[in-house]
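Chemist: The sequence shown begins at 48 in the working numbering and counts up one residue at a time. C-beta: ideal position from N, C-alpha, C; glycine also. Just so it is clear, the structure is predicted and the values come from calculations on it, not from any experiment. I'd like to ask you about the structure that follows.
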Amino acid sequence: MIARKMASMALLGCALLAGNSVSAAPIYASTLVASSNVTAFGSGVVTGAPDGDGVWLGSSFDPPALLGSLTVSFATALGNGAGADLVVVEISPSAAETFNVEVSTDNLVYTLLGEFSATNNLIDFGSFTAPVSYVRLTNTSTAFSADIDTLFGNYEADVLVSIPEPASLALIAFGLAGLSTFRRPIKSR
Numbered sequence: 048m049i050a051r052k053m054a055s056m057a058l059l060g061c062a063l064l065a066g067n068s069v070s071a072a073p074i075y076a077s078t079l080v081a082s083s084n085v086t087a088f089g090s091g092v093v094t095g096a097p098d099g100d101g102v103w104l105g106s107s108f109d110p111p112a113l114l115g116s117l118t119v120s121f122a123t124a125l126g127n128g129a130g131a132d133l134v135v136v137e138i139s140p141s142a143a144e145t146f147n148v149e150v151s152t153d154n155l156v157y158t159l160l161g162e163f164s165a166t167n168n169l170i171d172f173g174s175f176t177a178p179v180s181y182v183r184l185t186n187t188s189t190a191f192s193a194d195i196d197t198l199f200g201n202y203e204a205d206v207l208v209s210i211p212e213p214a215s216l217a218l219i220a221f222g223l224a225g226l227s228t229f230r231r232p233i234k235s236r
């Protein structure tokens, strides 16, 4: 009986402390941090839900005179989950509109994940396991400008909450006190 109660309490504690990496809804880019050599179409907004408007990754429409790039941030850091972690919503269904995808935790050091396109727009973070707060797209085609509507992630990063030492000792004491309430009473003879 006591073992079952202890196991239930331990399971409840683990459930409360565990991070949740699956997101119920897409996590859209929240801020355009930087851009260079991009041309707006429609609203020119590349954050939030898809709206059919955005930017061409080029200083002009096809062919771009200069290759463009943009960097967006996410208010909720993205995590590495099963399957596609990031989706780039590109308006044109052309495989010829290609772009590099780079990710970063701090907007200082970026990791290149590879070259993608409208027909290859599901990005897996692969071995990049740190939380992703920034994504940079850079046009790689001299013939076409990728037309980017928005970007969204499928997984929240696991956030570990550190408990200060005095608080963790208090939690242990509280747990031991709780266990003592489940102690079997000693029968007197």
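Could you pull out every residue in the same chain whose Cβ sits closer than 8 Å to the Cβ of T187, ignoring the five residues on either side in sequence?
Modeler: Hits under 8 Å: L114, T145, F146, N147, E162.
Chemist: Which same chain residues, not among the five before or five after S141, have their C-beta less than 8 Å away from its C-beta?
Modeler: S164, A165, T166, F191
Chemist: Helix, strand or coil: which one does DSSP assign to I219?
Modeler: helix
Chemist: Tell me whether the segment 102-121 and the segment 73-87 touch, counting them as touching only if at least three CB pairs, one residue from each stretch, are closer than 8 Å.
Modeler: Between the segment 102-121 and the segment 73-87 there are three or more C-beta pairs closer than 8 Å, enough to call the two in contact.
Chemist: Have a look at L133 and I219 and give me their C-alpha separation to the nearest angstrom.
Modeler: 40 Å
Chemist: Just confirm the distance between the C-beta atoms of N197 and P97, as a whole number of angstroms; I'd bet it's less than 8 Å.
Modeler: The sequence as given places Thr at residue 197; Asn does not occur at that position. Right, the Cβ-Cβ distance comes to about 5 Å (below 8 Å), so this counts as a contact.
Chemist: Return helix, strand or coil for I138, following the three-state DSSP convention.
Modeler: If DSSP states are grouped into helix, strand and coil, I138 belongs with coil.
Chemist: Quick one: grab the DSSP three-state call for L184.
Modeler: L184 sits in a strand when the DSSP states are folded into three classes.
Chemist: Specify, as a first and last residue, the run of the beta strand (DSSP E) that T86 falls within.
Modeler: 86-88
Chemist: Check L207 in the structure and name its three-state DSSP category.
Modeler: With a pLDDT of only 46 at L207, under 50, the local geometry of the prediction cannot be trusted, and no value is derived from it.
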